[in-house]
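Visitor: Protein chains in written order, with this note's numbering: chain D, 11 to 342; chain G, 11 to 342.
Don't be surprised by glycine CBs; every beta carbon is placed ideally from N, CA and C.
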DNA sequence: ACATTTAATGTAAGCCCTTACATTTTTGAC
DNA sequence: GTCAAAAATGTAAGGGCTTACATTAAATGT
C-alpha cells in the first residue's frame with residue numbers, strides 16, 4: 011500500500027496525496043477529507059525512508075549519554091524523549107560510555123543516521139580533556155545543531171544548558187561555614203565541566219570565608235556508597251565536620267562512614283548530596299541534597315532546539331539555578 | 011558526496027560501490043581496497059534513507075518501555091542498547107508511560123519507523139488487562155518480531171524472556187516460614203504479569219507450609235519508600251513478622267516503617283526487596299534483595315532476536331532463574 | 001590454444017516519496 | 001458573460017541506494 015494506491019483509490023494524483031499527508035494548505039478541505047478517509051480505511055502510512063530521502067530528514071534527534079543506567083541521566087533521557095515526542099520527533103539513543111574515544115565513535119555513528127539535531131546529556135570534560143571534547147562536539151555541530159545538557163563549550167552551532175553548579179555550591183559552602191563548619195570535605199566523581207564548576211564554587215566560598223583550601227579535603231572517587239565509605243574509613247587521620255558531594259551516592263557513602271565511625275549526623279558532620287535522587291530519601295537519616303532541576307534543564311534544551319530548528323535565534327548558553335533541599339543530614 | 015561520485019572517482023560502477031559498502035563477496039579484494047580508500051578520503055557515508063528504501067530496513071530496533079527513569083528499566087535499556095549496537099543495530103526509544111492507550115499509541119508510532127524488531131521492556135498486564143495487551147502486542151508481531159522482557163503472552167511472533175519470579179518468590183517465602191516467620195506481608199506495586207507471578211509464588215508457598223493466605227497481608231502501593239512507610243504506619247492493627255516486596259523501593263519503605271515503629275530489623279521483622287538495586291545497599295540496614303539478573307534477561311532477548319532476524323527458530327518462552335542476595339535485613 | 005566455467009563488473013529498473021513547475025479549475029470584479 | 005488572478009490539482013524530475021540480469025574478464029580443463 012503506497013502513495014500510488016491511495017492516489018488511485020481517491021482518484022487524485024500522488025502529489026495531492028503527498029500534500030494531504032503533509033497537511034499542505036494548497037489542497038481543498040474537501041479533497042483532504044476524502045483522501046484522509048481513504049488513507050484510514052487502508053491503514054496507509056507513508057514510508058519513512060522515502061520520506062526521509064525526499065525531505066532529507068526523518069524528524070529524529072539523536073541522544074548521546076554516557077550511561078542511561080545512571081539515575082540522573084535516565085531521568086533526563088526520559089523527560090527529553092517524552093518532550094521531543096510531543097513535537098513529533100523520535101529519539102535514537104546512544105549510550106556511549108565515558109571514554110573519550112567511545113564518545114567520538116558515538117557521534118560519528120549517530121550522525122550517519124541523518125538526525126535533525128543532537129543532544130548530549132551529561133557533561134563534557136573539563137580541564138585537560140576540554141580541548142578534545144570541543145573537537146568532536148564541534149565536528150557534530152558542523153552537521154546539525156548540538157545541545158549540551160550540563161556541559162559547556164563555546165562553539166558555533168552548540169547550545170548549552172546548564173544548572174548553576176558554581177553558584178549553588180558557593181552558597182551551600184557559605185551556609186556551612188556560617189553554621190560554624192570549618193573543615194568541609196569535597197567529594198567528587200568525575201572531571202566533567204559540571205564537577206569542575208562545583209569545585210570552583212566550593213573553593214571560592216572557602217576563600218571568601220577565610221578558610222584554607224586543603225587539597226586533602228578534595229577526594230575523587232567514582233564508585234558510590236560502599237566504596238566511598240571504605241575509602242573514608244581508610245583515611246584515619248582525615249578530619250572533617252561537613253561533606254559536600256557532587257552526587258547523592260557519594261554523600262550516602264559519607265553517611266555510612268559516619269554511622270560506622272559512631273559519629274552522629276548532622277551533629278558531628280553535616281552531609282549534603284547532589285541531584286536529589288531517590289537515594290536521598292532512602293538514606294538514613296534522609297539526605298539533604300541539591301536539586302539541579304533536571305527537568306527544567308531538559309525543557310529549556312528542547313525549547314531551544316525547536317527554536318533553532320525553526321530558524322529562530324537562540325542564546326548559546328543558558329543557566330538554570332539549582333535549589334537546596336533540606337532534609338536531615340544538615341542542621342542549618 | 012554520493013555513490014555516483016565515489017563510483018566516478020574509483021572508476022567503477024555504482025553497483026560495485028554498493029557492493030563494497032555491503033561487503034559483498036562478489037567484489038575482488040583489490041577493487042574493494044581501492045574503493046574503500048576513496049570512500050575514506052572523501053568521508054563518504056551512504057545515505058541511510060536511500061539505503062532503507064532499497065533494503066526496507068534501517069538496522070534499527072524499537073524499544074518501548076513505560077519509563078526509563080525507573081532504575082530497573084534504565085538498566086535494561088542501557089544493556090540492550092549497548093548490546094544491539096555491537097550487532098550494528100540502532101535503537102529508537104519510546105517511553106510509553108504505563109497507561110494502556112499510551113502503549114497502544116507507542117506501538118503504532120514506532121511501527122511506522124519500519125523497525126526491524128520491537129523490544130518491550132517491562133511487563134504486560136496480567137489478569138483483566140491481559141487480553142487487551144495481547145491485542146496490541148499481537149498487532150505489532152504481525153509486522154516485526156516482538157520480544158518481551160519480563161512479560162508473557164502466547165502469540166505467534168512474540169518471544170518472551172522472563173525471570174522466574176514465581177520460583178524465587180516461592181523459595182523465599184518457604185525460607186522465611188522455615189525460619190519461623192508466620193505472618194508475611196506481600197508488598198506489590200503493579201498488576202503486571204511479573205507481579206502476578208510473584209504473588210502466585212508467595213501464596214503457594216504459604217499454602218504448602220500450612221499457613222493461611224490473608225488478603226489483608228497483600229498490600230498494593232505503587233509509590234515507593236515514604237508512601238509505603240506512611241501507609242504501613244496508618245494500618246495500626248496490622249501485624250507481620252516479615253515482608254517480601256516486588257521492588258526494593260517498597261521494601262525500603264518497610265524498613266523505614268520498622269525504624270519509626272521502633273522495631274528492629276531483622277530480629278522483629280525480616281524484609282526482602284526485589285531487583286537488587288542501588289537502593290538496597292543505600293538502605294540502613296542494607297537490604298536483602300532478589301536479583302532478577304536483568305542483564306542475563308536482556309542478553310537472552312538480544313541473542314534470540316539475532317537468531318530470529320537471521321531466520322533461525324527460537325523458543326517462544328525462556329525463563330531465567332533469579333537469585334537471593336543476602337544482606338542485613340534477613341536472619342536466615 | 002580454445003571451449004567452458006566461474007568470478008568480476010556493469011546496466012538499468014525499481015523503492016516511495018517531495019516539490020518545482022505546468023496546467024486546469026474556481027472565484028470575483030467589472 | 002469576460003477576463004484576470006487565485007486556488008487546486010497534475011506532471012515529471014529527482015533523491016541515493018539495492019539487486020536481478022546482462023555482460024565482460026579471468027581461470028580452469030583438455
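Run down chain G in chain order and give the residues with a C-beta less than 8 Å from the C-beta of residue 289 of chain D.
Guide: 288, 289 and 292
Visitor: Could you pull out every residue in the same chain whose Cβ sits closer than 6 Å to the Cβ of residue 314 of chain G, ignoring the five residues on either side in sequence?
Guide: 169 and 324
Visitor: What first and last residue would you give for the beta strand (DSSP E) that runs through residue 327 of chain D?
Guide: 327-330
Visitor: Measuring CA to CA, which of D:75, D:70, D:85 and D:93 is closest to residue 92 of chain G?
Guide: Of D:75, D:70, D:85 and D:93, the smallest CA-CA separation from residue 92 of chain G is found for D:75.
Visitor: Could you check where the beta strand (DSSP E) with residue 197 of chain G kicks off and where it finishes?
Guide: Note, residue 197 of chain G: beta strand (DSSP E), 194-198.
Visitor: Taking 9 Å as the threshold (beta carbon to beta carbon), is residue 24 of chain G in contact with chain D?
Guide: No, because no Cβ of chain D sits closer than 9 Å to the Cβ of residue 24 of chain G.
Visitor: When DSSP labels each residue in this structure, what does residue 202 of chain D get in the three-state scheme?
Guide: Three-state result, residue 202 of chain D: strand.
Visitor: So is residue 224 of chain D buried or exposed if we call it buried at 16+ other beta carbons inside 10 Å?
Guide: Classification of residue 224 of chain D: exposed, given that the 10 Å Cβ count is below 16.
Visitor: Could you give the DSSP three-state label for residue 72 of chain G: helix, strand or coil?
Guide: Three-state result, residue 72 of chain G: strand.
Visitor: Please state whether DSSP places residue 235 of chain D in a helix, a strand or coil.
Guide: coil
Visitor: Is residue 173 of chain D close to chain G? Criterion is C-beta to C-beta, closer than 9 Å.
Guide: no
Visitor: In terms of residue numbering, what span does the alpha helix (DSSP H) encompassing residue 115 of chain D cover?
Guide: For residue 115 of chain D, the uninterrupted alpha helix (DSSP H) segment begins and ends at 110-121.
Visitor: What residues of chain D sit near residue 274 of chain G, judged by a beta carbon separation below 9 Å?
Guide: Within chain D, no residue comes near residue 274 of chain G; the closest Cβ sits about 14 Å away, beyond 9 Å.
Visitor: Pop quiz: residue 264 of chain D and residue 238 of chain D are said to be a contact at Cβ under 8 Å. What is the actual Cβ separation, rounded to whole angstroms?
Guide: 6 Å
Visitor: Find out if the Cβ-Cβ distance for the pair residue 248 of chain D, residue 226 of chain D is shorter than 9 Å.
Guide: yes
Visitor: Using CA atoms only, rank isn't needed, just tell me which of D:42, D:250, D:332 and D:172 is closest to residue 193 of chain D.
Guide: D:250
Visitor: Within 10 Å of its beta-carbon, does residue 40 of chain D have 16 or more other beta-carbons around it, so buried, or fewer, so exposed?
Guide: exposed
Visitor: What residues match up with residue 51 of chain G in a beta bridge as DSSP calls it?
Guide: DSSP, once it has assigned bridges, lists no residue as partnering residue 51 of chain G.
Visitor: Starting from the Cα of residue 261 of chain D, find the closest Cα among D:312, D:304, D:338 and D:332 and give me that residue.
Guide: D:338
Visitor: Report, in whole angstroms, the separation of the C-beta atoms of residue 120 of chain D and residue 104 of chain D, which I expect to be a contact under 8 Å.
Guide: 5 Å
Visitor: Within the same chain, show all residues whose beta-carbon is closer than 8 Å to that of residue 309 of chain D, passing over the 5 residues directly before and after it, in chain order.
Guide: 89 and 93
Visitor: Please check if any C-beta of chain D sits within less than 9 Å of the C-beta of residue 66 of chain G.
Guide: So yes, residue 66 of chain G belongs to the interface.
Visitor: What span of residues does the alpha helix (DSSP H) with residue 163 of chain G cover, start to end?
Guide: No alpha helix (DSSP H) holds residue 163 of chain G; DSSP gives it neither H nor E.
Visitor: From the DSSP output, in three-state form, read off residue 186 of chain D for me.
Guide: It is helical.
Visitor: Give, in chain order, every unbroken run of the beta strand (DSSP E) that is at least 3 residues long and sits entirely within the stretch 231-297 of chain D.
Guide: 252-255 and 280-282
Visitor: Along the alpha helix (DSSP H) that carries residue 334 of chain G, what are the first and last residues, could you check?
Guide: Judged by DSSP secondary structure, residue 334 of chain G falls outside any alpha helix (DSSP H) and instead within the beta strand (DSSP E) spanning 333-335.
Visitor: Could you say which of D:154, D:147, D:71 and D:135 lies nearest to residue 202 of chain D if we only look at CA atoms?
Guide: D:135
Visitor: State buried or exposed for residue 230 of chain D, treating a residue as buried only when at least 16 other CB atoms are found within 10 Å of its CB.
Guide: exposed
Visitor: For residue 83 of chain D, which of D:221, D:130, D:175 and D:342 has the nearest alpha-carbon?
Guide: D:130
Visitor: Taking its Cβ as the centre, do 16 or more other Cβ atoms sit within 10 Å of residue 35 of chain G, making it buried, or is it exposed?
Guide: exposed
Visitor: Evaluate the contact criterion for the stretch 170-180 of chain G versus the stretch 152-161 of chain G: three or more CB pairs, one atom per stretch, below 8 Å.
Guide: Taking 8 Å as the limit for Cβ pairs, the verdict is that the stretch 152-161 of chain G does touch the stretch 170-180 of chain G.
Visitor: For a contact meaning CB atoms closer than 9 Å, what does residue 363 of chain G contact in chain D?
Guide: Nothing in the structure corresponds to residue 363 of chain G, since chain G is present only between 11 and 342.
Visitor: Taking 9 Å as the threshold (beta carbon to beta carbon), is residue 105 of chain D in contact with chain G?
Guide: yes
Visitor: When DSSP labels each residue in this structure, what does residue 45 of chain G get in the three-state scheme?
Guide: helix
Visitor: So what's residue 312 of chain G in DSSP terms, helix, strand or just coil?
Guide: helix
Visitor: In the DSSP output, which residue or residues are listed as bridge partners for residue 156 of chain G?
Guide: For residue 156 of chain G, which the question treats as bridged, DSSP gives the partners G:128 and G:168.
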